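Participant: Dumping the structure here so I can ask a few things about it.
Number of protein chains: 4
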Amino acid sequence: MIVNIVVLQNHLTLIERSFNIWHMRHKDENKNESIFNATIELINEQGLAEVSMSKIAKKAKVSASTIYVYFENKEDLLNKLFLNVKKKMSLEIFNNFDDSTPLQIAFETSLRKFIHFILTNKDYFLFIEQFQNSPLLHKISLEESIELFEPLYNSLFEKGKQQHVFKQVDTNLLVIFTFRPVIEFAKEHFNGNSELNQEKMNEIIRMSWDAIKA
Amino acid sequence: MIVNIVVLQNHLTLIERSFNIWHMRHKDENKNESIFNATIELINEQGLAEVSMSKIAKKAKVSASTIYVYFENKEDLLNKLFLNVKKKMSLEIFNNFDDSTPLQIAFETSLRKFIHFILTNKDYFLFIEQFQNSPLLHKISLEESIELFEPLYNSLFEKGKQQHVFKQVDTNLLVIFTFRPVIEFAKEHFNGNSELNQEKMNEIIRMSWDAIKA
Amino acid sequence: MIVNIVVLQNHLTLIERSFNIWHMRHKDENKNESIFNATIELINEQGLAEVSMSKIAKKAKVSASTIYVYFENKEDLLNKLFLNVKKKMSLEIFNNFDDSTPLQIAFETSLRKFIHFILTNKDYFLFIEQFQNSPLLHKISLEESIELFEPLYNSLFEKGKQQHVFKQVDTNLLVIFTFRPVIEFAKEHFNGNSELNQEKMNEIIRMSWDAIKA
Amino acid sequence: MIVNIVVLQNHLTLIERSFNIWHMRHKDENKNESIFNATIELINEQGLAEVSMSKIAKKAKVSASTIYVYFENKEDLLNKLFLNVKKKMSLEIFNNFDDSTPLQIAFETSLRKFIHFILTNKDYFLFIEQFQNSPLLHKISLEESIELFEPLYNSLFEKGKQQHVFKQVDTNLLVIFTFRPVIEFAKEHFNGNSELNQEKMNEIIRMSWDAIKA
DNA sequence: AATGAATGAGGGTTCATTCAT
DNA sequence: TATGAATGAACCCTCATTCAT
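Chains as they are written, first to last, in full-length UniProt numbering: chain A, 1 to 214; chain B, 1 to 214; chain C, 1 to 214; chain D, 1 to 214.
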């Protein structure tokens, strides 16, 4: 059910976008978006710690004070960006998510979609990784972002435990062993230390599966 | 063999210390330590991003300019602190490391020692975690820190692959599946979201083992 | 005579209002008022120095740019507000002012009405006090505001000097000794340091009278 | 007694100054003083509300950040300046203050010295007047500044009430009627509206005396 | 070795005001 | 009339670092 809601939101967003293109292009696109994009690019180039409002402004080609028309402050900007990106990610991962799929298939599909998102959205991925551990991340934003991934908890891991397909351990551990290793390897991939190719992907999925399966 | 080198380094450090005592160098080793300690405490209290030279100076009860007697700049201070802490960690983990121990025992012992270090050195652990992803970490320091853990690569994982005890995959993957999950869970433990108790420890070790074993 | 002029001004204002109602001018007198009220409240809560156009706008529930429909700029807004408040004060003090009243009675009546105004219009009083010393107060507004109190100069103090009831000193001194002490004490009253009760009121009136009487 | 303490502090200050001249002129006078002076000048030229740290810095010919070497923040700077100026004032007023002087003489002497201070220290006077009503004035500073004037309360007004030379009213009222009128007239003097000459001075002293005397 | 003093550069944020709609 | 959007200028303050002593 939650999945459907997410998909609906996606539709609405698409409709909104069309609306914008037809009726609102008179101004200059959505300035909101250009601030988001500038921020993401900047974080990717220089790291979260080096991001400043004036740098964002320069990159987005607006005055620094203009940012404060759209966001309360730096924290607010980053939190809203975080939720925005997380939503994009959850939409892509849970697109066509089917509750009746066999568990191992569902597990593998989700993980592959997750990896696909990472590899095709380097900027988003690295931003999330940097921001998730930052003190700038508001608790509320974190909770809201976790909610986006509830299908995973309920329709995958909890269900898997009930069916004794997965080990009877803290669900957090199942999540961690499913997603953390690949995240870590993706970082090494983007650092140029290793290559996350098709073969590695299969290995990782196999290893995560071995870790969590009963 | 590498293990012995590490131990030797430790000896050298002790010799250095004696040297200091005998020759009464003015540059005070205590001051160096107190700057390190102040930095660690500060990072633990406020986060890496909030650390400034003047805050460190205040906490270490020295003048900010005094720090520049001991370190080239902020980056140098943090890198040296990082290596210092990493060395402490490797010393504790590889203490009594025996090359002839059966692999599964060696695996479990190392992981338990690692977890023990984390739980009894919260400050060091969180500092490493924060700094390892920071752009302030120099490549040289990173490489040097990796060298400290070579026994793991050679005497544990490579060996295990040769003996077909572990999966025939990129050694990095073995390392990641061995250490990353517990690191991630320890973070949740320190955040107060979960509790890393004896039972959880056993579960994690079991899961990591399942992930990497052939 | 001057008194009558003041009353006439009042009438004019009423006529203006009727005019508005009949002809339904778009420029809404209510909005003007709500901007005034918001400003007064804000100054009372946070002090004159903390007042900004955007804060006024938020409190008055209008857009900041709307303020510029009614006032030239911030200075103009504050000056007009100042005159508005001063007028309210003079109207209350000179209400029923009678030229033929014996001087000591007129003196005491005026002073009591003044104190009554202060105590029942804390916001107005504190605004006047803050603004009167501010560099934002235009000279023209100041002169205009002084004119409102001419009955005091002519029908009270000058007359009293002529009749040798008051000391033969600079009229400004008579005004100062009449009004400044009570103003200062009222401030302490509102600060919570003293209480301006009936007894204190009598004492102050007595002291002011002793100061100025011949 | 309190008076003596104040005088002693004065001596110490003088000694310190000599010391500075002989041994410390190597730098550039007391930078602290130059920041104070710049602030006072600025407030006198543009008003308290217009004072900014950067303007002070420019006028004092230092970098804005240098001010933060000497003061915690803007509030701290202004509060310390306030106490500094108030101390100078109390030193001048209570210089040679003699407890055994007849009350009316003591009253008149104090008031004349006060007026003299105002007229010869326009900058200090106007700063005090502006700052005393500012929300930037810390309660602690206010209390500390009031303590400097305790001789007035104890050796003049309270004593005068005991001897039934003054009216049996709130001591604050005696203080207000003694000092407020002349302060107000001095403001008009500096504004160019009136002239506070010898004759006016005598009139004011007479009027204040009439107000408070039993 | 140790430090107080000094600073330019930059941080985040608010300001009064303008302009197109 | 009313306003959302936009901005340059200014705000206070902290930063890492240097230098004279």
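Just so it is clear, CB atoms sit at the ideal spot from N, CA and C, and this is done for glycine as well.
Fair warning: this is a prediction, and the values are worked out from it, not measured in the lab.
1) Measure the Cβ-Cβ separation of Lys-86(A) and Ser-34(A) and say whether it is below 7 Å.
2) Using a Cβ-based criterion (distance less than 6 Å to any ligand heavy atom), does Asn-121(C) qualify as near the ligand MN?
3) Exposed or buried, Gln-130(D), counting other C-beta atoms within 10 Å across all chains shown (16 or more means buried)?
4) Going by DSSP in three states, Lys-61(B) sits in which element: helix, strand or coil?
5) Distance check for Phe-127(B) and Leu-48(B), CA to CA, integer angstroms please.
6) Roughly how far, in whole angstroms, is the beta-carbon of Pro-181(A) from the beta-carbon of Phe-177(B), given that I think they are within contact range, below 8 Å?
7) Give every residue of the same chain whose Cβ lies closer than 8 Å to the Cβ of Asn-37(C), excluding the five residues on either side of it in the sequence, and list them in chain order.
8) Using the Cβ count rule (16 or more neighbours within 10 Å means buried), how would you classify Thr-39(A)?
9) Establish whether the CB of Pro-181(A) and some CB of chain B are separated by less than 7 Å.
10) Measuring straight from C-alpha to C-alpha, what distance separates Phe-117(D) and Glu-92(D)?
11) Which term fits Glu-184(A), buried or exposed, when burial requires 16 or more other beta carbons within 10 angstroms of its beta carbon?
12) What residue does the alpha helix (DSSP H) around Tyr-124(B) start on, and which one ends it?
13) Pick from Asp-123(A), Gly-192(A), Glu-199(A) and Val-175(A): whose alpha carbon is nearest that of residue 215(A)?
14) Under 8 Å Cβ-Cβ, which residues of chain C neighbour Asn-172(D)?
15) Taking any Cβ of chain A, which residues in the segment 129-163 of chain B have a Cβ under 9 Å from it, in chain order?
16) Give the single residue among Lys-213(D), Ile-205(D) and Glu-203(D) whose Cα lies nearest to the Cα of Met-207(C).
17) State the DSSP-derived secondary structure class of Lys-31(B), mapped to helix, strand or coil.
18) Show which residues of chain B have a CB atom less than 7 Å away from the CB atom of Phe-125(A).
19) What does Ala-49(C) touch in chain D if you count any residue whose Cβ is under 9 Å from its own?
20) From Ser-65(C), Gln-168(C) and Lys-113(C), pick the residue whose C-alpha is nearest to that of Phe-179(C); which is it?
21) Counting pairs of beta carbons, one from the segment 52-69 of chain C and one from the segment 96-113 of chain C, are three or more of them closer than 8 Å?
22) Look at the alpha carbon of Glu-157(A) and the alpha carbon of Ser-63(A), and state the distance between them as a whole number of angstroms.
23) Can you have a look at Asn-79(A) and say buried or exposed, based on whether 16 or more other CB atoms are within 10 angstroms of its CB?
24) With a 10 Å radius around its C-beta and 16 neighbouring C-beta atoms as the bar for buried, classify Ile-105(C) as buried or exposed.
25) When the Cα of Lys-88(C) is compared with those of Glu-41(C), Asp-123(C), Ile-56(C) and Lys-58(C), which residue comes out closest?
26) What's the C-alpha gap between Glu-143(B) and Gln-132(B)?
27) Output, in chain order, the set of chain D residues within a Cβ distance shorter than 9 Å of Lys-167(C).
28) Who are the neighbours of Lys-200(A) on chain B, taking C-beta pairs under 9 Å?
29) Taking 7 Å as the CB-CB cut-off, is Ile-176(C) touching chain D?
30) For Val-169(D), which option in Asn-32(C), Leu-137(C), Ser-141(C) and Ile-205(C) has the closest C-alpha, if you only look at C-alpha atoms?
31) Tell me which same chain residues have a C-beta within less than 7 Å of the C-beta of Asp-99(C), skipping the five on either side of it?
32) I'd like to know whether the C-beta of Asn-197(D) is nearer than 7 Å to at least one C-beta of chain C.
33) Does the beta-carbon of Ile-140(D) have 16 or more other beta-carbons within 10 angstroms, so that it is buried, or is it exposed?
34) With 16 as the cutoff for other CB atoms within 10 Å, does Gly-160(D) come out buried or exposed?
35) Are the beta-carbon atoms of Asp-210(C) and Ala-211(D) separated by less than 7 Å?
Facilitator: Taking the structure as given:
1) no
2) No copy of the ligand MN appears in this structure; indeed no ligand is present at all.
3) buried
4) coil
5) 8 Å
6) 5 Å
7) Ala-60
8) buried
9) yes
10) 7 Å
11) buried
12) 122-132
13) With chain A running from 1 to 214 in the structure shown, residue 215(A) is simply not present.
14) Phe-185, Glu-188, Asn-193 and Ser-194
15) Glu-129, Gln-130, Asn-133, Ser-134, Pro-135 and Leu-136
16) Lys-213(D)
17) helix
18) Within chain B, no residue comes near Phe-125(A); the closest Cβ sits about 13 Å away, beyond 7 Å.
19) Leu-48, Ala-49, Ser-134, Pro-135 and Leu-136
20) Lys-113(C)
21) no
22) Per the sequence presented here, residue 157(A) reads as Phe, with Glu not at that position. Approximately 47 Å between the Cα atoms of the pair.
23) buried
24) exposed
25) Asp-123(C)
26) 11 Å
27) Glu-203, Arg-206, Met-207 and Asp-210
28) Val-169, Asp-170 and Leu-173
29) yes
30) Ile-205(C)
31) Ser-155
32) no
33) exposed
34) buried
35) yes
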